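**Student:**
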Amino acid sequence: MSAPEIKKSILDHLTYSIGRPPSLASKQDYYKALALTVRDRLQQHWVETVQAYLEQDLKVACYLSAEFLMGPHLGNNLLNLGIENEVRQAVKEMGCELDELLAEEEEPGLGNGGLGRLAACYMDSLATLERLALGYGIRYEFGIFDQEIRDGWQCEITDKWLRSGNPWEIAKPEITYYVNFGGHTEYYRDEAGAERIRWVPDRAVKGMAYDTPIQGYRVNTCNTLRLWSAEACESFDFQAFNTGDYYGAVDDKVISETITKVLYPNDEPEIGKRLRLLQQYFFVSCSLQDMLRLLDAQGQPTQRFPEKFAVQLNDTHPSIGVAELMRLLVDERRLSWEDAWDITVLTFGYTNHTLLPEALETWPLPLFRELLPRHLEIIYEINARFLASVRETHHQDDEHVKRLSLIDENGEKRIRMAHLACVGSHAINGVAALHSELLKRSVLKDFYELWPERFNNKTNGVTPRRFMALANPKLSELITRTIGDGWITHTEELRMLEPFSEDAAFRKEWRLVKQSNKQQLADYILKQTGIELDPSWMFDVQVKRIHEYKRQHLNILHVITLYNRLKRDPKLAIAPRAFIFGGKAAPGYFIAKRIIKLINAVGEVVNNDPDVNKKLRVAFVPNFNVQNGQLIYPAADLSEQISMAGKEASGTGNMKFTLNGALTIGTLDGANVEIRDEVGEENFFLFGLTTEETLRLQQQGYRPYAYVEGNSELAEAIRLIASGHFSHGDTEVFRPLVDNLCQSDPFLVFADYADYIACQDKVAGVWKDPENWTRMSILNTARAGKFSSDRAIREYCDEIWDVRPVPIMIKD
Ligand code: 26M
């Protein structure tokens, strides 16, 4: 596609799709016309990919996820199609700057953080590796809230991402399914006189598909992200109309459509949120019905379902799918229970993303029965057969059986969704080596003992297209000029950079790239916050959801420690550092919101104190998201991965930083362990207790205050926060935080403080030698190839899904 062709297409779209003459068109109009131009190009690949699927007998990977945190599409599609230069040229000739048009796109924030972004990286890798795949999820009208910082506090603003339309999706009004809720079940006799059960629901909604093309990098494969939107059912409206209840009909419509209104902005479940269960069942039912329809469309018998579809459950959020597929096969397709169960277990795989007990999903039985009475019966039947087999073949005692049960009978009865997912899946995986080991030893121990062969590890990965090639064009240019561009799809080739770490001229270029990325981030931060950062300083960055286990407060204790050292001795020679934070807190997470306030409060004091602000600055980047993440990762010198050991399942931000040449200060948690193994212990700043040590300490009886008494710098830092020093004398705002740390400190912040500070002092020492720092930085990038989502997806395809590459031919 040449620049003139692109230009013509943009002008055509302005006229025919948007209806504005070029002279009156706004930047948003140009953005849309360009997006539609690019979409036309994708559509050719899309049609051929669907065609290949329909014509050949192929297996497709179906990734079921309540969240897809895609980030902006335009830049990524230009990169993957390889038409960025032509487009830049074309829009320039029309008087536009491509970067300005890119900035017009509202990012689809249909996820909270790591889990949703992982789904997006996996969609990119599936297409790039030419594997047929469908991503199935929810088209939330409101995604994750926009965060504003007012007076240091987080404010949540609704995310109206669809307000200017969405040129990337195609509504498919012909692809709709009915999803039922409520009512009761009853016995009846079928035509053959056999007694059967049927579900008589009392409500239904309609799900409509919205498809977004997912283009692979420089290949013809273009997969589909299919998101479901809830609509009212016409048939139900009619009933109301006939009885004259017009407003009642409109009410029903409103209630139906609320199902896909808004993403729950929490990264753990709150107990018994009815609408959340509706959302989960809604999208899972639509997706499974869609697969069965595709099977029928190809004239395939139901028995072949597991040969045609591999369905991966992204955490337990879609795990109701196990019961729903059983219902579809047994009740609607009249398969025997045994045949249906074989199909189900062969079809599903389950990925666990957390060990935190409070984050494991369970549903109160009464709520479940009210909304999904038939599924409750099915779950009881699955459970009865499962527990019977456990008793028979494994001779397990009652305690053991109770622990395995799909129903938690301690107190109010609840359904354990992780247990349902385990029983219904042939493969169960964690998301980093350590996490997968801990799963087998803790939350899923009993299942591991039952079925060791089902358990496996799939260490997470991130896409090098978005997080290197797109986010860090200068580094990518330097790497490509040095070792060729094979690394973009074969990140193990980054190893070829290793010898260049000894080349002073190369190191200088490497530093200049980092410097320029830091300048760009500094410009952005100045614009967003008014805080000025010097790009010659060390950029020390922690961006991720705000959570106590991730310990942003440990980081801020380091800042306060340096502040105190400088106040005591303003001439102290410390390496100047900019501390950069970013991340959203769940709106109801009281402590997390105070951590944000504390970061901003410390920042206000530090940034305005002439004794310290020539060596220390603190900035909180508001509204951390995929888009500004792409500015942040490439500009970091130091990556903070400081969660309490055993709590962070994997982390994926850690990988984005490493690939972009940041050094990590981190604990032995999640994928940090593997990052350190890859880059070498001499190129990684390790501190803190191990998982085993944290468990031992807590068993012995952890007394956080003892650490305050034993460490004068920690005592001084805590005293300062409590005294109101950072809060204009207010001693109340941070009291809950301080009390929580001093009295219980559930994530061992105090226990790790001394080692963290010592390690940070070591970081400062290494920073003083820029040649050595740069050498280490290059080696981090060179050895991070393992953390590509291509590697992860290859493992899923080969070891769990049995999904093979299918080259797509374009017929002219
Ligand atoms: C559940 C129920 C109701 C409402 C919300 C939820 C929910 C939503 C998101 C629960 C958890 C959610 O996300 C958890 C998450 O992002 N986990 C992270 O997953 C990453 C990808 O595997 C890992 O790298 C992180 O370590 C892990 O914390």
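Residues 24 to 835 in the numbering used here are what the sequence shown spells out, letter by letter. Idealized CB from N, CA, C, for every residue including glycine. Quick caveat: nothing in here was measured; it's all calculated off a predicted structure.
#1: Would the segment 755-762 count as touching the segment 695-715 if we require 3 or more Cβ pairs under 8 Å?
#2: Which one of 530, 559, 532 and 531 has the shortest CA to CA distance from residue 544?
#3: For residue 637, count neighbouring Cβ atoms within 10 angstroms of its own Cβ and tell me buried if that reaches 16, exposed if not.
#4: State yes or no: is the C-beta of residue 102 within less than 8 Å of the C-beta of residue 61?
#5: Is any heavy atom in the ligand 26M found nearer than 7 Å to the beta carbon of residue 811?
#6: Which runs of the beta strand (DSSP E) spanning at least 3 residues fall entirely within the segment 383-412, listed in chain order?
#7: Check whether the Cβ of residue 356 lies closer than 7 Å to any heavy atom of the ligand 26M, and answer yes or no.
#8: With a threshold of 6 Å on Cβ separation, who are the neighbours of residue 680 within its own chain once the five nearest residues in sequence on each side are excluded?
#9: Tell me whether residue 237 sits in a helix, a strand or coil according to DSSP, three-state version.
#10: By DSSP, does residue 54 sit in helix, in strand, or in coil?
#11: Tell me which residue opens and which closes the beta strand (DSSP E) that residue 616 is part of.
#12: Among 724, 244 and 193, which residue has its Cα nearest to the Cα of residue 162?
#13: Only counting the same chain, and skipping five residues up and downstream in sequence, which positions put a Cβ closer than 7 Å to that of residue 224?
#14: Would you please state the rounded distance, in angstroms, between the beta carbons of residue 350 and residue 430? I believe it to be under 8 Å.
#15: Can you have a look at residue 433 and say buried or exposed, based on whether 16 or more other CB atoms are within 10 angstroms of its CB?
#16: Among 250, 208, 183 and 180, which residue has its Cα nearest to the Cα of residue 195?
#17: I'd like to know whether the C-beta atoms of residue 132 and residue 182 end up nearer to each other than 8 Å.
#18: With 16 other CB atoms within 10 Å as the buried threshold, where does residue 238 fall?
#19: State the Cα-Cα distance for the pair residue 613 and residue 725, rounded to the nearest angstrom.
#20: Hey, how far is the Cα of residue 672 from the Cα of residue 693?
#21: Nearest CA to the CA of residue 305: which residue from 340, 601, 413 and 751?
#22: Would you say the beta carbon of residue 138 comes nearer than 7 Å to a heavy atom of the ligand 26M?
#23: Per DSSP, which residues does residue 252 bridge with? Please list them.
#24: Excluding the 5 residues flanking residue 790 on each side, which residues of the same chain have their C-beta closer than 7 Å to its C-beta?
#25: By how many angstroms is the C-alpha of residue 591 removed from the C-alpha of residue 92?
#26: In the DSSP output, which residue or residues are listed as bridge partners for residue 430?
#27: How would you write the range of the alpha helix (DSSP H) that residue 790 sits in, first residue to last?
#28: As a quick exercise: from 140, 343, 624 and 494, pick the residue whose alpha carbon is nearest that of residue 175.
#29: Sort 708, 293 and 829 by Cα distance to residue 610 and report the nearest one.
#30: So, with DSSP's three-state summary, where would you put residue 418?
#31: How long is the line joining the alpha carbons of residue 751 and residue 168, rounded to whole angstroms?
#32: Going by DSSP, what residue range makes up the beta strand (DSSP E) through residue 85?
#33: Taking buried to mean at least 16 other C-beta atoms within 10 Å of its own C-beta, is residue 380 buried or exposed?
#34: With residue 575 and residue 622 assumed to form a contact (beta carbons below 8 Å), what rounded beta-carbon distance in angstroms separates them?
#35: Just tell me which of 786, 274 and 519 has its CA closest to the CA of residue 228.
#36: On the DSSP bridge list, what partners appear for residue 731?
**Tutor:** Here's the rundown:
#1: No: the two stretches stay apart, fewer than three of their Cβ pairs being nearer than 8 Å.
#2: Of the listed residues, the one whose Cα sits closest to residue 544 is 559.
#3: Exposed: under 16 other Cβ atoms inside 10 Å.
#4: Not a contact, by the Cβ cut-off of 8 Å.
#5: When distances are taken from the beta-carbon of residue 811 to the heavy atoms of the ligand 26M, even the shortest one reaches 7 Å or more.
#6: The qualifying runs are 385-387.
#7: Outside the cutoff, so no.
#8: Excluding the 5 residues flanking it on each side, residue 680 has same chain C-beta neighbours closer than 6 Å at 656, 659 and 662, in chain order.
#9: Assigned with DSSP and collapsed to three states, residue 237 falls in strand.
#10: Looking at residue 54 - three-state DSSP - the assignment turns out to be helix.
#11: It is not in any beta strand (DSSP E) - residue 616 instead sits in the alpha helix (DSSP H) that spans 613-631.
#12: Measuring from the Cα of residue 162, the nearest candidate turns out to be 193.
#13: Closer than 7 Å at Cβ, skipping near neighbours: 203, 204, 205 and 206.
#14: The C-beta separation of residue 350 from residue 430 comes to about 18 Å, leaving the pair out of contact by the 8 Å criterion.
#15: Here residue 433 is exposed, its C-beta having fewer than 16 other C-beta atoms within 10 Å.
#16: That would be 250, whose Cα lies nearest to the Cα of residue 195.
#17: For residue 132 and residue 182, yes; Cβs fall inside 8 Å.
#18: By the beta-carbon neighbour count (other beta carbons within 10 angstroms, threshold 16), residue 238 is buried.
#19: Roughly 24 Å separates the two Cα atoms.
#20: A direct Cα-to-Cα measurement between residue 672 and residue 693 gives close to 5 Å.
#21: For the residues 340, 601, 413 and 751, the minimum Cα distance to residue 305 belongs to 340.
#22: Yes; taking the cut-off as 7 Å, the Cβ of residue 138 has a heavy atom of the ligand 26M nearer than that.
#23: Looking at the DSSP assignment, residue 252 forms a beta bridge with 231.
#24: Within the same chain, and ignoring the five residues on either side of residue 790 in sequence, the residues whose Cβ sits closer than 7 Å to its Cβ are 561, 598 and 796.
#25: Looking at the two C-alpha atoms, the distance is approximately 46 Å.
#26: 438, per the DSSP bridge assignment.
#27: Where residue 790 is concerned, the enclosing alpha helix (DSSP H) stretches over 772-790.
#28: Looking at the Cα atoms, 624 is the closest of the given residues.
#29: The option with the nearest alpha carbon to residue 610 is 293.
#30: Three-state DSSP puts residue 418 in coil, outside helix and strand.
#31: Between the alpha carbons of residue 751 and residue 168 lies a gap of roughly 29 Å.
#32: From DSSP, the beta strand (DSSP E) with residue 85 extends over 83-87.
#33: Answer is exposed; the Cβ neighbour count stays below 16.
#34: Indeed they touch by this definition, with Cβ atoms about 7 Å apart.
#35: Nearest C-alpha to residue 228: 274.
#36: In the DSSP assignment, residue 731 is bridged to no other residue.
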